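Encoded as structure tokens, the structure appears first; notes follow it.
Residue numbers (our numbering): 187 to 284.
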């Protein structure tokens, strides 16, 4: 998800169409469930991650490895996102406005 959102930012979509960005983050949040049922709650955090150039630089410097999430337990991961996001089981099916 992080790479999707990074590419979207690189293409300038947040400035061109904020409504598309809202749709796309929710779209990814919906379909990522096919691969990992708990992943949707992390879509918004992945979008926020992609906004920080330091995260991108660290990713590239680490050989394109996201060492901050490798080996992280589910509990550890949920502690890193806002509580309202970890408990929000209706998202991405309602309109989300950041």
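Yeah, the Cβ is synthetic: ideal placement off N, Cα and C, and Gly gets one too. Model, not experiment: these values are computed from the prediction.
Going straight from the alpha carbon of residue i to that of residue j, what length do you get?
i, j, result
"residue 279", "residue 231", "17 Å"
"residue 188", "residue 234", "9 Å"
"residue 226", "residue 207", "16 Å"
"residue 266", "residue 194", "23 Å"
"residue 272", "residue 229", "11 Å"
"residue 253", "residue 245", "8 Å"
"residue 209", "residue 248", "31 Å"
So which of the options has the shortest CA-CA distance to residue i?
i, options, result
"residue 211", "221, 222, 223 and 236", "236"
"residue 217", "190, 205, 239 and 240", "190"
"residue 276", "224, 205 and 203", "224"
Quick one: what's got a C-beta closer than 7 Å to residue i's C-beta in the same chain, skipping five residues either side?
i, result
"residue 335", "Examination of residue 335 is not possible in this model, given that the chain is present from 187 through 284 alone."
"residue 262", "none"
"residue 222", "none"
Once the 5 residues before and after residue i are set aside, which same chain residues still bring their CB inside 8 Å of it?
i, result
"residue 196", "none"
"residue 251", "245"
"residue 200", "194 and 207"
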